Amino acid sequence: MSDFLSQGGYAFFVWGAYGMVALVLVAEVLQLRLQQRTIWARLGRLARLSQSSRSE
Amino acid sequence: MTLNWFKFASPATFYPLAGRLIPPFWILTGVLLVIGLYWGFFQTPDQLGGSNAQKEYYRIIFVHVPAAWMSMWLYVVLVFWAALGLVFNTRLSFMMANAVAPTGAVFTFLALWTGAFWGRPSWGTYWDWDPRLTSELVLFFLYIGYIALHAAIDDTRRADRASALLAIVGLVMVPVIYWSINCPDPTQCAALHQRSGLGKIESNILFSMLTMTLAFWMYSFATSLMRLRAIILRREAEASWVQELLNRERSR
Chain A
846 MSDFLSQGGY AFFVWGAYGM VALVLVAEVL QLRLQQRTIW ARLGRLARLS QSSRSE
Chain B
635 MTLNWFKFAS PATFYPLAGR LIPPFWILTG VLLVIGLYWG FFQTPDQLGG SNAQKEYYRI
695 IFVHVPAAWM SMWLYVVLVF WAALGLVFNT RLSFMMANAV APTGAVFTFL ALWTGAFWGR
755 PSWGTYWDWD PRLTSELVLF FLYIGYIALH AAIDDTRRAD RASALLAIVG LVMVPVIYWS
815 INCPDPTQCA ALHQRSGLGK IESNILFSML TMTLAFWMYS FATSLMRLRA IILRREAEAS
875 WVQELLNRER SR
């Protein structure tokens with residue numbers, strides 16, 4: 846296990862590269878999910894607004 | 635059988651279709667990532683090459699090369715949709731181009747970053763103004779320029795056309811990058827980069843490199859489709875089908 850983690854003494858370079866890949870790809874997916882939820886919430890708010898203004 | 639392809643060019647038809655396509659692409663991404671990473675770390679030799687061999691740090695290849703390939707390929711995809719949008723004036727094509735761009739920028743950034751972390755142990759420097767690195771950096775700025783130009787123009791249709799044109803002009807960068815890596819005449823190219831012949835690579839290394847490329851490809855499909863759905867919703871917020879969808883969601 847420690848052999849695997851040390852990568853022959855090049856741990857900083859190997860994990861520095863892989864770490865950034867993981868970080869950026871996960872961040873992109875989280876951002877997309879958040880964006881989708883925000884849009885739905887806004888559309889829902891707009892729909893409620895137009896309904897309440899029609900009933901008055 | 636004749637299939638009316640333009641039927642799928644309507645955002646209202648494509649929105650639910652994209653939603654059904656996303657989960658399978660995520661499953662494929664996960665499976666391919668596990669196989670590619672396992673093979674890359676446990677089924678490959680600790681060194682690459684004979685004399686003056688690259689040590690363990692060469693394993694960055696399994697994310698670096700796929701990221702660099704995707705950065706170029708996604709730009710070609712972006713230009714394809716942008717050009718199609720200009721020719722047929724289909725809204726969905728422009729939205730596709732819009733949806734691909736950020737993922738392409740992400741992979742271009744990752745190709746540069748992982749390249750720097752590979753360059754430090756193998757050539758002794760994180761960065762060098764060599765043709766391949768510089769042209770990849772220009773590609774990154776092209777993605778950023780495309781996204782920024784689109785965001786800067788308020789009228790969506792004008793933004794679509796202007797940024798599509800920029801993307802098409804920028805296509806000249808892709809062959810420049812490709813041939814700065816796979817130099818046709820090695821005596822004319824910078825000595826830092828050897829020609830990357832796929833035939834010379836050990837088969838286990840090649841296998842995980844190609845598996846990781848497929849994984850990144852499936853990831854690009856999944857994220858682009860997710861972003862496309864968001865773009866469709868935002869642009870079609872007033873359309874009746876979105877309102878119906880909204881009512882169905884709320885009554886559930």
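Note that the protein sequences, when read in sequence, are chains A and B.
So in my numbering, spot 14 of the first sequence is number 859, and the numbers just go up one at a time.
So in my numbering, spot 89 of the second sequence is number 723, and the numbers just go up one at a time.
Ideal Cβ positions, reconstructed from N, Cα and C, are used throughout, including at glycine.
All values reported here derive from a predicted model rather than from experimental measurement.
Nearest neighbour of residue i, chosen from the options [CA to CA]
{"i": "F855 of chain B", "options": "B:S769, B:V697, B:Y672, B:L708", "result": "B:L708"}
{"i": "S769 of chain B", "options": "B:S705, B:Y692, B:R693, B:I661", "result": "B:S705"}
{"i": "L666 of chain B", "options": "B:F850, B:R863, B:S885, B:L859", "result": "B:F850"}
{"i": "P657 of chain B", "options": "B:R884, B:S858, B:V697", "result": "B:S858"}
{"i": "A798 of chain B", "options": "B:R882, B:A733, B:Y649, B:I669", "result": "B:A733"}
{"i": "F728 of chain B", "options": "B:L805, B:F743, B:A643, B:G758", "result": "B:A643"}
Test: residue i CB closer than 8 angstroms to a CB of chain A
{"i": "I669 of chain B", "result": "no"}
{"i": "V711 of chain B", "result": "no"}
{"i": "Q877 of chain B", "result": "yes"}
{"i": "Y760 of chain B", "result": "no"}
{"i": "F775 of chain B", "result": "no"}
{"i": "P755 of chain B", "result": "yes"}
{"i": "R868 of chain B", "result": "yes"}
{"i": "W752 of chain B", "result": "yes"}
{"i": "A825 of chain B", "result": "Its pLDDT being 47, under 50, A825 of chain B is placed unreliably in this model, and the value from its coordinates should be taken loosely. No - not a single Cβ of chain A is within 8 angstroms of the one on A825 of chain B."}
Residue i and residue j closer than 8 angstroms at C-beta
{"i": "V859 of chain A", "j": "I694 of chain B", "result": "yes"}
{"i": "Q881 of chain A", "j": "A864 of chain B", "result": "yes"}
{"i": "H698 of chain B", "j": "G749 of chain B", "result": "yes"}
{"i": "F648 of chain B", "j": "L726 of chain B", "result": "yes"}
{"i": "A731 of chain B", "j": "A801 of chain B", "result": "yes"}
{"i": "A701 of chain B", "j": "L744 of chain B", "result": "yes"}
Between the CA atoms of residue j and residue i - distance to the nearest angstrom
{"i": "I787 of chain B", "j": "Y691 of chain B", "result": "44 angstroms"}
{"i": "A825 of chain B", "j": "Q852 of chain A", "result": "With a pLDDT of 47 at A825 of chain B, under the threshold of 50, the modelled position of that residue is not reliable, and the figure given next carries that caveat. Roughly 27 angstroms between the two C-alpha positions."}
{"i": "T883 of chain A", "j": "V871 of chain A", "result": "18 angstroms"}
{"i": "D680 of chain B", "j": "A871 of chain B", "result": "54 angstroms"}
{"i": "A716 of chain B", "j": "Y780 of chain B", "result": "11 angstroms"}
Rounded Cβ spacing between residue i and residue j (contact assumed at less than 8 angstroms)
{"i": "W747 of chain B", "j": "A886 of chain A", "result": "That belief does not hold up - the Cβ atoms of W747 of chain B and A886 of chain A are roughly 34 angstroms apart, past 8 angstroms."}
{"i": "L888 of chain A", "j": "V876 of chain B", "result": "7 angstroms"}
{"i": "F696 of chain B", "j": "M860 of chain B", "result": "The Cβ separation is near 25 angstroms, so there is no contact."}
Any C-beta of chain B under 8 angstroms from that of residue i
{"i": "V869 of chain A", "result": "yes"}
{"i": "L877 of chain A", "result": "yes"}
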